[in-house]
Amino acid sequence: MIKYKTIIVFFLLLVIVEISSQEDSLHTAVVYGNDNSFAVKAPKGWVLDTKSGLSSGLYAVFFPEGSSWAKAISVMYCNTASKKAKGNETIDEVIKYDIDRFKKEQDAFVYDGENIVTSDNKTAIIKNFYDNKNKNYESVGYIDEENVVVFLVLSSREKSDYENSLKSFYELVRSYYYLTDNFKIEEKK
0 MIKYKTIIVF FLLLVIVEIS SQEDSLHTAV VYGNDNSFAV KAPKGWVLDT
50 KSGLSSGLYA VFFPEGSSWA KAISVMYCNT ASKKAKGNET IDEVIKYDID
100 RFKKEQDAFV YDGENIVTSD NKTAIIKNFY DNKNKNYESV GYIDEENVVV
150 FLVLSSREKS DYENSLKSFY ELVRSYYYLT DNFKIEEKK
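Here the sequence shown stands for residues 0 to 188, numbered as in numbering that gives the first Met the number 0.
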């Protein structure tokens, strides 16, 4: 039964990737890791890039059309935290860790944003971060799944660009759709 579900999920992933590669207007990424797989769609006016963030462990990054991952003032990306790691067992622990680390490392403050409902009817808890020392603005959508907490992040080096990019960030968060907890990456032998 598990193999059957895995085959169905794999087929679904292939269909999504195939549709995405055939129609540039879709700009859909399937992001996967052990015990998780989800899809997000690039907001209008943003480019989905699955290569530029790899050196940072980011499999889907986004930047405004006409720019690049390295040069954009505002960027977005997806990441996860495993709930199997000590201290990450709940979404509240993950959020608290991020806030504490951010405040400790930066002259910073954090405030709540308005939560967003995703396309699969999950609630993304939005936190906004401001790093006074480096003048960096971030919004993070935290989404609670069975084995991971998913992060969808907007980061900007300028306040005006950050504010102009918030609508696109909300669009990215609303596009989120969780596919499966039953995804395994097998090591090559």
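We treat Cβ as the ideally placed atom computed from N, Cα and C, and that holds for glycine.
From a predicted model like this one, the values you see are computed outputs, not experimental measurements.
Secondary structure note for D130: its beta strand (DSSP E) is the uninterrupted segment T122 to D130. One Cα belongs to V147, the other to E157, and the distance between them is close to 31 angstroms. Between D106 and N131, the gap from beta carbon to beta carbon is short of 9 angstroms. Spanning the alpha carbons of S174 and F37 requires a straight line of approximately 10 angstroms. Straight-line measurement puts the Cα of A59 at about 21 angstroms from the Cα of D160. Counted as a single uninterrupted DSSP element, the alpha helix (DSSP H) harbouring E162 occupies residues K158 to S174.
A direct Cα-to-Cα measurement between L57 and C77 gives close to 7 angstroms. Within the same chain, Cβ atoms closer than 6 angstroms to the Cβ of D143 are found at I90, the five residues on either side in sequence being excluded. For K70, no alpha helix (DSSP H) run applies, since DSSP gives it neither H nor E.
Around the beta-carbon of T117, 16 or more other beta-carbon atoms lie within 10 Å, marking it buried.
Cβ contact annotation for T122 (same chain, cutoff 7 angstroms, sequence separation greater than five): N114 and V116, in chain order.
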